[in-house]
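Q: Below you will find the structure I want to go over with you.
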Amino acid sequence: MSATDGVPVPAAFAFACLPATYMDLSWWRDDWLPQALFERLRGEPRSAGWLSRFVVRTLELGDVGPVVAESLEARLLCLGARRLERLVVLAGVTLLSGRIAQILRGADRRLVKAALGEDDYAFALRRGRLLLHQARLAPTSADLGETDLADTAEACWRLGIGGLAAALQGTTAGFTRRIQLMLNMESVARHWTPLAGEPARFQRLFGLLDGQVAVP
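First residue of the sequence shown: 20, per my numbering; consecutive thereafter.
Structure (structure tokens):
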């Protein structure tokens with residue numbers, strides 16, 4: 020673990036040195052240790068350490084590198100996996116909000132609302148385009164062509180992961196790999212392709228979401 024500048028030491032240590040405690044279970048292989056046993060052991064301080072060293076070595080996570088206070092990286096390493104996943108979804112909803120707002124036919128709106136859920140659908144309409152404007156991201160960043168409306172939630176997930184990948188283009192491989200570990204392995208494999216656009220604008224979007232949105 021490299022030095023950090025103004026980042027809470029416990030959070031930085033846990034992020035860099037204890038990945039077993041926060042990694043999504045989809046990354047764990049049963050031929051390493053039965054998953055049920057892994058889940059139990061990673062919650063115990065003594066075993067969490069050696070499990071994490073195994074994860075760092077086996078998955079070749081490498082060093083996190085320096086993290087500067089007030090940066091997006093500093094925010095992300097303090098997040099739990101659940102909050103990060105929620106921010107990824109909301110980033111995707113935001114990126115797709117322009118298109119969602121253009122869906123006027125009642126049957127189509129119901130499909131999209133059912134796919135996203137009431138809260139995320141309302142978020143797209145009420146806040147999405149303003150957040151895009153604040154982040155200086157053009158609605159065309161979310162152009163999906165003729166995506167099936169029933170798959171809108173998957174499209175948001177794909178866009179959110181792509182947006183996170185774009186935001187982290189300047190970070191170390193060790194930092195990025197640990198962030199990926201918090202998300203579903205298959206989703207990362209399928210969707211971790213940076214969206215077109217300036218990384219700073221995607222960083223701003225995630226910073227806005229983290230600062231403004233109440234996420235558990």
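Quick reminder that beta carbons are idealized off the backbone N, C-alpha and C, glycines included.
Computed from a predicted model, the values in this text were never measured in an experiment.
Give me the Cα-Cα distance between Met-201 and Arg-220, rounded to the nearest whole angstrom.
A: 22 angstroms
Q: Indicate the three-state DSSP secondary structure (helix, strand or coil) for Val-26 in the structure shown.
A: coil
Q: Drop a sphere of 10 angstroms on the beta-carbon of Val-112, count the other beta-carbons inside from all chains shown, and report buried for 16 or more, exposed for fewer.
A: buried
Q: Can you check DSSP and say which residues form a bridge with Val-108?
A: The partner list for Val-108 (beta bridge, DSSP) is empty, contrary to what the question assumes.
Q: Candidates Arg-65, Leu-70, Pro-29: which alpha carbon is nearest Ala-39's?
A: Leu-70
Q: In terms of alpha-carbon separation, which member of Trp-47, Cys-36, Trp-211 lies closest to Leu-183?
A: Trp-211
Q: Span of the alpha helix (DSSP H) holding Met-204?
A: 204-210
Q: Once you ignore the five residues that flank Leu-37 on each side, which residues in its own chain have a CB closer than 8 angstroms to its CB?
A: Ala-67, Gly-68, Ser-71
Q: Can you find the residues in the same chain that come closer than 8 angstroms, C-beta to C-beta, to Phe-73, ignoring five residues on each side of it along the sequence?
A: Ala-39, Trp-51
Q: Helix, strand or coil for Val-87? Go by DSSP, reduced to three states.
A: Strand.
Q: If Val-83 sits next to Phe-194, beta carbons under 8 angstroms apart, how far is it from one beta carbon to the other, in whole angstroms?
A: By a beta-carbon distance limit of 8 angstroms, Val-83 contacts Phe-194. Their separation comes to about 5 angstroms.
Q: Is it buried or exposed for Leu-149, if we count other Cβ within 10 angstroms and need 16 for buried?
A: Classification for Leu-149: exposed.
Q: What residues in its chain sit with their C-beta under 6 angstroms from that of Asn-203, if we drop five residues either side in the sequence?
A: Asp-43, Ser-45
Q: Rounded to whole angstroms, what's the CA-CA distance from Leu-151 to Ala-157? Just pull it up for me.
A: Counting only the Cα atoms, Ala-157 lies some 7 angstroms from Leu-151.
Q: Would you call Leu-98 buried or exposed, if buried means 16 or more other Cβ atoms sit within 10 Å of its Cβ?
A: buried
Q: Please identify the residue among Ser-206, Arg-196, Ala-185, Phe-225 whose C-alpha is closest to the C-alpha of Glu-217.
A: Ala-185
Q: In whole angstroms, what separates the C-alpha of Ser-160 from that of Ile-122?
A: At Ser-160, the pLDDT of 42 sits below 50, so the modelled position is not reliable and the matter cannot be decided from this model.
Q: Assuming Val-107 contacts Gly-179 under a Cβ cut-off of 8 angstroms, what Cβ separation, rounded to an integer in Å, is found between them?
A: 4 angstroms
Q: Can you grab the Cα-Cα spacing for the pair Glu-173 / Ala-133, in whole Å?
A: 12 angstroms
Q: Is the beta carbon of Arg-155 less than 8 angstroms from the beta carbon of Gly-81?
A: no
Q: DSSP on Leu-96, reduced to helix/strand/coil?
A: helix
Q: Roughly how many angstroms lie between the CA atoms of Asp-229 and Glu-89, to the nearest whole one?
A: 12 angstroms
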